[in-house]
Each structure stands twice: as C-alpha cells, then as structure tokens.
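Asks: Sequence order for the protein chains is A and B. Using the working numbering, the first residue of the first sequence is number 8, and each one after it goes up by one. Using the working numbering, the first residue of the second sequence is number 8, and each one after it goes up by one.
2 protein chains.
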Amino acid sequence: MQNGVILLKRPPSIRAYAAVVGKKEGEGPLGDWFDQVHADTTFGQKTWEQAESRMQQMAVQTVLKKADLSAADIDLLFAGDLLNQCIGSSFGLQSFELPYYGLYGACSTMAESISLASLAVQAGYAHRALAVTSSHFCSAERQYRMPLEYGGQRAPSAQWTVTGSGAVILQSTGKAPYVRAVCAGRITDLGVCDINNMGAAMAPAAYRTIRTFLEETHTSPNDYDHIFTGDLGHIGTSILYELFDQDGMDLRAVHDDCGLMMYNLKEQDVHAGGSGCGCSASVLCGVILPQFAAGKYHNVLFVATGALMSPTSYQQGSSIPGIAHLVYLSDQDTPFNRQEELA
Amino acid sequence: MQNGVILLKRPPSIRAYAAVVGKKEGEGPLGDWFDQVHADTTFGQKTWEQAESRMQQMAVQTVLKKADLSAADIDLLFAGDLLNQCIGSSFGLQSFELPYYGLYGACSTMAESISLASLAVQAGYAHRALAVTSSHFCSAERQYRMPLEYGGQRAPSAQWTVTGSGAVILQSTGKAPYVRAVCAGRITDLGVCDINNMGAAMAPAAYRTIRTFLEETHTSPNDYDHIFTGDLGHIGTSILYELFDQDGMDLRAVHDDCGLMMYNLKEQDVHAGGSGCGCSASVLCGVILPQFAAGKYHNVLFVATGALMSPTSYQQGSSIPGIAHLVYLSDQDTPFNRQEELA
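1) What does B:THR49 reach in chain A if we use C-beta pairs closer than 9 Å?
2) List the endpoints of the continuous alpha helix (DSSP H) containing A:ILE176.
3) Short of 6 Å in beta carbon distance, which residues of its chain neighbour B:MET316, apart from the five on each side in sequence? Order them along the chain.
4) Return yes when the Cβ of B:THR195 is within less than 7 Å of the Cβ of B:ALA212, no when it is not.
5) At 9 Å on the CB atoms, spell out the chain A contacts of B:GLN323, in chain order.
6) On the CB-based measure, 16 or more other CB atoms within 10 Å of its CB, does B:HIS225 come out buried or exposed?
7) Specify the secondary structure class of B:SER287 as computed by DSSP and reduced to three states.
8) For the beta strand (DSSP E) containing A:HIS45, list its first residue and its last residue.
9) Using C-beta distances below 7 Å, list every residue in its chain close to B:PRO19, excluding the 5 sequence neighbours before and after it, in chain order.
10) Could you tell me whether the region 141-149 of chain A touches the region 257-267 of chain A, where touching means 3 or more Cβ pairs closer than 8 Å?
11) Buried or exposed: which applies to A:ALA162, given that a residue is buried once 16 or more other Cβ atoms fall within 10 Å of its Cβ?
12) So for A:GLY313, helix, strand or coil by DSSP?
13) Given this structure, state the Cα-to-Cα distance separating B:PHE144 from A:LEU296, to the nearest angstrom.
14) Is there a Cβ of chain A sitting closer than 7 Å to that of B:LEU110, yes or no?
15) Cβ of A:ILE217 less than 7 Å from any chain B Cβ?
16) I'd like to know whether the C-beta atoms of B:SER141 and B:GLY329 end up nearer to each other than 7 Å.
17) Give the single residue among A:GLN101, A:GLY173, A:GLY159 whose Cα lies nearest to the Cα of A:GLN43.
18) Taking B:GLY109 and A:GLY112 to be in contact with their CB atoms under 8 Å, please state how far apart those CB atoms are, rounded to whole angstroms.
19) According to DSSP, is B:ARG161 helix, strand or coil?
20) Exposed or buried, what is B:SER120 when buried is set at 16 or more other beta-carbons lying within 10 Å of its beta-carbon?
21) State the Cα-Cα distance for the pair A:ALA136 and B:GLU156, rounded to the nearest angstrom.
22) Name the residues in the region 129-156 of chain B whose C-beta lies less than 7 Å from a C-beta of chain A; which are they?
23) Considering only C-alpha positions, which residue in the set A:VAL169, A:PHE299, A:ALA208 is nearest to A:GLY283?
24) For A:ASP88, decide whether its Cβ has a neighbour in chain B, counting only Cβ atoms nearer than 7 Å.
25) Check whether the region 308-323 of chain B and the region 49-64 of chain B touch, using three or more Cβ-Cβ pairs below 8 Å as the test.
26) Could you say if the region 203-223 of chain A and the region 244-258 of chain A meet the contact criterion of at least three C-beta pairs nearer than 8 Å?
27) At a Cβ threshold of 7 Å, is B:THR319 touching chain A?
28) If you follow the beta strand (DSSP E) that A:PHE85 is in, where does it begin and where does it stop?
29) CB A:CYS292 to CB A:TYR24, shorter than 7 Å?
30) Which residues does DSSP list as the beta-bridge partners of A:ASP264?
31) Beta strand (DSSP E) containing A:CYS145: first to last residue?
32) Output yes or no for whether 7 Å exceeds the beta carbon distance between A:ALA279 and A:ILE234.
33) For a contact defined as C-beta to C-beta under 9 Å, what are the partners of B:LEU221 on chain A?
34) Can you list, in chain order, the residues of its chain whose CB lies under 7 Å from that of B:GLY35, leaving out five sequence neighbours each side?
35) Taking C-beta pairs closer than 8 Å, name the residues in chain A that B:TYR316 reaches, listed in chain order.
36) Please report the distance separating the alpha-carbon of A:ALA192 from that of B:LEU100.
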C-alpha cells in the first residue's frame with residue numbers, strides 16, 4: 008500500500024445489495040430505485056433510534072433474501088452508524104449472530120465497511136462479508152441538532168439527514184461489480200467550524216482521497232465512467248470542483264454527489280442536499296450498483312465522506328475534521344493495472 | 008475462518024507498545040509499569056475530551072519513539088474510543104496524517120484494533136499498522152452518567168473508567184510476541200439492563216468468544232499461560248467463572264481481568280473494578296506485553312470486552328448488548344496448529 012491505496016489482486020465480487028429508505032426519500036427522484044420505501048418512518052418501533060435499528064435489520068434481511076443466503080452464510084460483518092455508540096448497528100444487527108467488527112466513520116461508513124469487508128474477503132479471512140450502515144433523519148436531528156418538536160429553523164447551508172440504510176454482500180468470487188482497489192482516508196481538518204455547513208467541512212477530505220488515489224494509480228478523473236461522492240451537498244460539491252480546478256482537473260463531467268441525487272432540492276426543502284451514512288449507502292445500493300449491473304458503468308469511484316466531530320466538540324469550539332474513504336468498482340475481476348486497462 | 012476465528016499463517020510481530028495513564032492509575036498496583044503517568048489528568052487541555060485526545064496523541068508519540076519510527080513509517084491506523092463519535096481518536100490522531108479506519112467497539116477496542124491491524128499486516132495491505140484506543144474517567148462520567156460536579160453516589164456494582172491510553176505497532180516481521188490468531192466477537196445480549204453493572208452485561212460475551220476460540224482451535228484454558236479479559240470487574244469475573252464451571256472448565260488458575268488488576272479495589276474506592284477502552288489497553292501495553300517480552304508468558308489470550316449500549320438506549324429501557332474480541336499472542340511465529348504446538 009502507498010498512502011492508503013490498496014490494489015486488490017483478487018478483486019471481491021459484490022454479490023448482492025439492498026437499500027431501505029423512508030417516505031421523503033421515496034418521494035425524491037430516486038424513489039423508484041430502492042428495494043423498500045416505508046411511509047411509516049417509525050418502522051413500527053416506539054423510538055426513532057429503534058426505528059433506525061429496525062431499518063438496518065430490514066436492509067440486511069433484504070440483501071440476504073436477494074442473495075438467496077442466510078445469515079449463517081456470512082463469515083464477517085462490518086457496520087456502524089451515526090448514533091452515539093453506534094446503537095443503530097449494535098441493536099439492529101445482533102439478531103444475525105455474526106462475528107462483528109464495529110466501525111465509526113460517520114457518513115463515510117458505507118465506503119469504510121465495504122473497504123474492510125473487501126480486504127477481509129480478498130485475504131481469505133472470510134468467504135463472504137457483509138457491510139452495512141444507516142442513518143435516520145429523526146434520530147440524527149435530535150442527537151446532533153434539536154429535538155424535532157422544537158421546529159428549529161434550518162440554515163440554508165444545512166443538509167438533510169437521509170432516512171435510509173444500505174447493505175452489501177462481498178464474496179471471493181462471482182459476478183461484477185468487483186472491488187479492485189480501496190483508499191483509506193486521512194483525517195483532514197481545514198478549520199471549518201460551522202456545524203450547519205458539513206459539506207464545506209468534508210470537501211477537503213474528499214479532494215485529498217480522490218487526489219491521492221489518482222496519483223497513486225496514475226489515472227485521471229476521465230479514466231472513470233463516474234465518480235460519486237457521499238454527501239457533500241451543493242456547497243461541498245462546489246468546493247470540491249474548485250479544489251480540482253486548482254490542479255487543472257475538471258471533475259464536473261464525471262461527478263455526482265449522492266446528497267444532490269437523493270432529493271429535489273428546492274421542492275423537498277432540503278436546503279444544501281442530503282447527508283448521513285444512509286445517503287451514500289442507499290444511493291449506492293439502490294441506484295449505482297443496479298445501474299452498474301445493468302451495464303451503465305464499468306469503472307466507478309465511490310467516495311463516501313464523513314464529518315468526525317461531535318456535538319460536544321463543536322460546542323467546545325473545535326473545528327470539524329473530515330474523512331473520505333474510496334472504493335474502486337469495476338466490471339473487470341483482474342488485478343487493477345492502470346497501464347493495461349486505461350491506456 | 009470459522010465462527011469468527013482466523014488463524015494467521017504469517018503471524019505479525021508486535022514491534023512496540025506504549026501506555027499513558029492518569030494519576031489514579033499511577034497510584035494503583037501497576038503504577039510503575041506504565042510508560043507515562045500524568046498527575047495532571049487535564050493533560051494541559053481545557054476540556055476533558057481534549058485531555059483524552061491529547062493522551063491518545065501522547066500514547067502514539069511514545070510508541071513511535073520506543074519503536075524508533077516516525078508516523079510516515081506507519082501504513083494504516085485503526086483506532087476508536089468511548090466518546091460520542093469517537094472524538095478522542097479523530098482529534099487526538101489527526102496530526103499524524105495517517106490512513107485511518109475508525110472503529111467503535113466500546114471497551115473491546117484494543118482487541119478489535121489489534122485484530123484488524125494484524126489482519127491487514129498479514130495480508131500485506133500494510134507493512135506496519137498502528138492500533139490505538141483510550142478512555143478518560145472525567146469525559147466518560149459526564150457522557151455516560153453524571154457531570155462530576157454532581158458528586159453522584161456510585162453503586163457498589165459500578166466500575167471506574169480508567170484514564171489511560173494504549174498504542175501498539177504491528178509489523179510483518181520481527182520479534183515476539185506474535186499475533187497468531189484472532190476471534191471476532193458476536194453481539195451478545197442476555198437481557199442485563201443495569202447500567203451500573205456492566206461486568207454482568209459483558210461476561211456472557213467474553214464467555215462466548217473464549218469458548219468459541221477454544222472449540223475452534225481444540226484447545227483448553229490450561230493450554231495457555233494466561234487469559235486476560237478486558238474489564239469485567241469482580242462481578243463480571245464471577246459470572247465468567249460460573250459460565251465456564253457449567254462446562255466443567257475452571258478458569259481461575261489461568262485468568263486475570265485487567266479491570267481487577269488496575270486498582271487496589273478497596274483502598275482506591277473503585278467498587279467493582281476498572282473499565283473503559285483504556286483499561287485493557289493500558290494493562291496490555293504497560294504490563295502484559297512487557298512481561299511477555301521478558302519471558303514470563305509464551306501463550307496468552309487477550310480478550311477485551313465492550314458494552315454496546317448508549318445512554319439513550321438504556322433510558323429507552325433496552326438491555327445492554329456486550330461484545331468481546333480475542334487476540335492470541337504467542338512467542339512462536341509459525342502458523343498456529345493446535346496439534347503440533349500443544350500436544
């Protein structure tokens with residue numbers, strides 16, 4: 008590995024994927040793509056946190072069903088979420104009784120969990136590994152900002168936490184897409200302190216990870232069909248473009264941000280876009296991977312971004328550290344070699 | 008892998024380790040063992056959370072110095088802590104600029120981070136990987152229980168969160184101890200709801216992980232010089248013994264719990280013992296690994312235990328899920344084979 012980039016010589020196959028989302032996400036432009044859209048965002052539970060756990064459980068049940076597998080067919084589970092102590096995962100996933108490594112990557116968790124699951128599968132530690140994450144608007148709002156009952160006004164730069172969960176099964180052999188490389192992000196903090204502008208806080212981390220990956224693999228943005236970032240929203244996306252512009256690279260033609268794809272920004276009143284672990288997770292599992300399987304994409308960079316602050320750290324005046332993890336998806340299962348493939 | 012057990016054919020070497028602790032830990036029976044004991048538990052910072060971050064940073068600085076390495080010599084970093092959104096790690100470790108996978112395993116984090124670092128090193132993803140965690144009494148108390156200023160009375164079954172941090176550098180070749188196997192824990196919840204009795208909540212997870220490892224490797228407790236659990240305290244330890252008694256296995260002669268080793272229980276007024284990510288981390292790095300290097304041990308099971316609830320989940324009446332991750336330390340760098348080694 009160099010600078011966090013790991014090329015996979017025996018690229019794991021993404022065997023199955025599932026996305027479960029809430030009502031508002033179902034009403035957005037991607038609504039028809041998700042495996043399940045639930046008008047009742049309590050998911051039949053008494054609390055929002057339990058609702059999020061239940062949603063994660065449903066995503067795993069769905070992905071197992073789509074793969075025609077049972078939990079016993081999975082060797083290793085990587086998961087995490089935004090809630091304090093990651094209770095979305097610890098309560099949502101315990102019924103599957105799987106060996107479990109818990110993660111905290113904030114909204115980068117889908118890429119982090121797929122990365123670690125892919126690394127475990129390629130090394131032979133697991134024949135099949137499961138990567139899962141979620142976020143829920145109502146549990147996130149009261150934890151990070153205000154209880155919903157306050158009816159607090161939202162800043163124009165604020166993003167809307169997606170109610171959604173994504174689950175992916177990686178296995179050692181199988182069909183495309185394959186995970187041919189990953190890049191572990193570095194904590195990047197350029198001093199943004201505005202809790203209502205997470206896109207700005209995360210954009211430098213996304214830039215750094217993508218830039219590192221392109222340098223280490225001697226590739227350029229145009230070598231990929233598409234680059235998807237997690238949840239930069241429109242402010243973070245603008246900053247990302249500016250940062251690449253300074254390097255003489257125009258990302259616009261090949262880039263989309265899951266936070267901008269999820270909602271009709273103006274009509275759905277989500278301000279700067281979607282966010283949350285569930286944002287990139289449900290767009291990946293509901294839209295990107297199905298489109299990949301349908302032949303629309305052959306080479307995709309999936310770059311989920313996370314903001315690693317807590318309400319306590321920002322109340323204490325600390326700036327917001329960002330991180331971005333990258334997963335390179337391809338329909339080729341041969342080792343990734345820039346010269347051969349992209350020349 | 009079977010049931011979370013992964014045998015490492017090219018066991019990574021533990022190149023260096025460091026433990027940094029606070030005043031109370033320095034006054035305990037292990038006080039002389041730690042690399043650094045700080046009488047000022049603010050570590051020169053303005054808030055307890057920043058103090059914890061600073062302590063983690065110092066643990067990494069110390070382990071790098073002991074290994075005669077710089078941060079640039081480390082390929083991959085695995086870390087996490089107890090604080091909401093793991094800010095102990097995200098603020099404490101960002102200055103090292105390392106590719107970083109954040110973890111949440113509560114008090115099991117030292118074993119989880121060493122496990123994932125070892126797996127990454129054996130697979131060749133990293134030549135050297137760093138595993139880090141911490142806890143701080145003052146940041147944990149106000150997050151999980153009450154602000155210190157309340158002077159709340161503690162239940163007799165409660166444990167005392169250790170102010171401490173541990174850091175371990177794993178590398179592909181080198182001296183003993185070696186990590187010859189790991190066992191990923193499963194979330195285990197037998198319905199304990201008492202937030203003042205975490206040992207009872209975690210003991211079944213410790214039992215399950217150790218039992219699984221013994222079964223999969225066809226070994227018995229007496230095949231190991233010692234088995235160390237993370238922070239069960241005296242109530243959790245009693246339950247662990249009872250559970251093994253039911254299987255006709257007496258763990259007492261080969262077992263110690265880091266939570267019982269850290270303090271003079273009565274004189275230091277810590278009730279049921281120590282706890283926190285920093286408990287097993289600092290005992291491992293300050294005591295177990297140095298004693299291993301000095302020839303006292305040849306085969307050790309290190310089993311850190313975590314409670315995966317949050318204040319929100321227990322206020323909502325949920326029980327406390329536990330998890331335990333296991334790391335098998337040995338002075339042999341050959342593949343672990345029960346028949347050959349232990350017959």
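Cβ atoms here follow ideal geometry from the backbone N, Cα and C, with glycine treated the same way.
Replies: Let's see:
1) In the second sequence, counting from the first residue as 1, residue 49 of chain B sits at position 42. Near B:THR49 there are no residues of chain A at all, since even the closest Cβ is about 13 Å away, more than 9 Å.
2) Residue numbering aside, residue 176 of chain A sits at position 169 when the first sequence is read from its first letter. Note, A:ILE176: premise wrong, no alpha helix (DSSP H); beta strand (DSSP E) at 171-178.
3) Taking the second sequence and counting its residues from 1, one reaches residue 316 of chain B at position 309. Hits under 6 Å: ILE327.
4) Taking the first residue of the second sequence as 1, we reach residue 212 of chain B at position 205. Taking the first residue of the second sequence as 1, we reach residue 195 of chain B at position 188. Yes, they are a contact pair.
5) Within the second sequence, numbered from 1, the residue matching residue 323 of chain B stands at position 316. Near B:GLN323 (Cβ distances below 9 Å), the residues of chain A are LYS53, THR54, GLU56, GLN57.
6) Within the second sequence, numbered from 1, the residue matching residue 225 of chain B stands at position 218. So B:HIS225 ends up on the exposed side.
7) By one-based count along the second sequence, residue 287 of chain B stands at place 280. DSSP places B:SER287 in helix when its eight states are reduced to three.
8) For the purposes of this step, residue 45 of chain A is identified with residue 38 of the first sequence, where counting begins at 1. Start and end: 43-45.
9) Start at 1 with the first residue of the second sequence, and residue 19 of chain B comes out as number 12. SER125, VAL128, GLN129, LEU177, GLN178, SER179, TYR185, VAL186.
10) Cβ pair count under 8 Å is below three, so no.
11) Taking the first sequence and counting its residues from 1, the one referred to as residue 162 of chain A is at position 155. Under this definition A:ALA162 is an exposed residue.
12) By one-based count along the first sequence, residue 313 of chain A stands at place 306. The answer is strand: DSSP assigns A:GLY313 an E or B state.
13) Along the second sequence, read from residue 1 onward, the residue named residue 144 of chain B stands at position 137. Along the first sequence, read from residue 1 onward, the residue named residue 296 of chain A stands at position 289. Cα to Cα, the separation comes out at about 45 Å.
14) Here residue 110 of chain B refers to the residue found at position 103 of the second sequence. Yes, B:LEU110 lies at the interface with chain A (some Cβ there is under 7 Å from its Cβ).
15) Counting from 1 along the first sequence, the entry for residue 217 of chain A is found at position 210. With 7 Å as the cut-off, A:ILE217 does not count as an interface residue toward chain B.
16) For the purposes of this step, residue 141 of chain B is taken as residue 134 along the second sequence, with counting starting at 1. For the purposes of this step, residue 329 of chain B is taken as residue 322 along the second sequence, with counting starting at 1. Not in contact: B:SER141 and B:GLY329 (Cβ atoms no closer than 7 Å).
17) By 1-based counting over the first sequence, the position of residue 43 of chain A is 36. The shortest Cα separation from A:GLN43 among A:GLN101, A:GLY173, A:GLY159 belongs to A:GLY173.
18) Residue numbering aside, residue 109 of chain B sits at position 102 when the second sequence is read from its first letter. Residue numbering aside, residue 112 of chain A sits at position 105 when the first sequence is read from its first letter. Confirmed, Cβ separation roughly 5 Å.
19) Here residue 161 of chain B corresponds to residue number 154 of the second sequence, with the count starting at 1. Here DSSP, grouped into helix, strand and coil, assigns B:ARG161 to coil.
20) On the second sequence, residue 120 of chain B is found 113 positions in, with the first residue counted as 1. That one is buried.
21) Here residue 136 of chain A corresponds to residue number 129 of the first sequence, with the count starting at 1. Here residue 156 of chain B corresponds to residue number 149 of the second sequence, with the count starting at 1. Distance between the alpha carbons of A:ALA136 and B:GLU156: 46 Å.
22) ALA130, TYR132, ALA133
23) Here residue 283 of chain A refers to the residue found at position 276 when the first sequence is read from its first residue. Closest option to A:GLY283, Cα to Cα, is A:VAL169.
24) Mapped onto the first sequence, residue 88 of chain A falls at position 81. Closer than 7 Å: no.
25) no
26) yes
27) Taking the second sequence and counting its residues from 1, the one referred to as residue 319 of chain B is at position 312. Yes, because at least one Cβ of chain A sits closer than 7 Å to the Cβ of B:THR319.
28) In the first sequence, the residue the question calls residue 85 of chain A occupies position 78. A:PHE85 -> beta strand (DSSP E) spans 83-88.
29) Along the first sequence, read from residue 1 onward, the residue named residue 292 of chain A stands at position 285. Along the first sequence, read from residue 1 onward, the residue named residue 24 of chain A stands at position 17. Contact: yes.
30) Within the first sequence, residue 264 of chain A is the residue found at index 257, counting from 1. A:ASP264 is bridged by DSSP to A:THR236.
31) Walking along the first sequence from the start, residue 145 of chain A turns up at place 138. Note, A:CYS145: premise wrong, no beta strand (DSSP E); alpha helix (DSSP H) at 144-151.
32) Sequence index remark: in the first sequence, residue 279 of chain A carries index 272 (1-based). Sequence index remark: in the first sequence, residue 234 of chain A carries index 227 (1-based). Contact: no.
33) As a working note, residue 221 of chain B is residue 214 in the second sequence. The premise fails here: B:LEU221 is roughly 16 Å from chain A at the closest Cβ pair, so nothing lies under 9 Å.
34) Start at 1 with the first residue of the second sequence, and residue 35 of chain B comes out as number 28. Same-chain partners within the cutoff: MET269, TYR270, ASN271, GLN275.
35) Working through the second sequence from its first residue, we reach residue 316 of chain B at position 309. First, the amino acid is wrong: residue 316 of chain B is Met here, not Tyr. What B:MET316 touches in chain A: GLN92, ILE94, SER97.
36) In the first sequence, the residue the question calls residue 192 of chain A occupies position 185. In the second sequence, the residue the question calls residue 100 of chain B occupies position 93. The sequence as given places Gly at residue 192 of chain A; Ala does not occur at that position. The straight-line gap from Cα to Cα measures roughly 13 Å.
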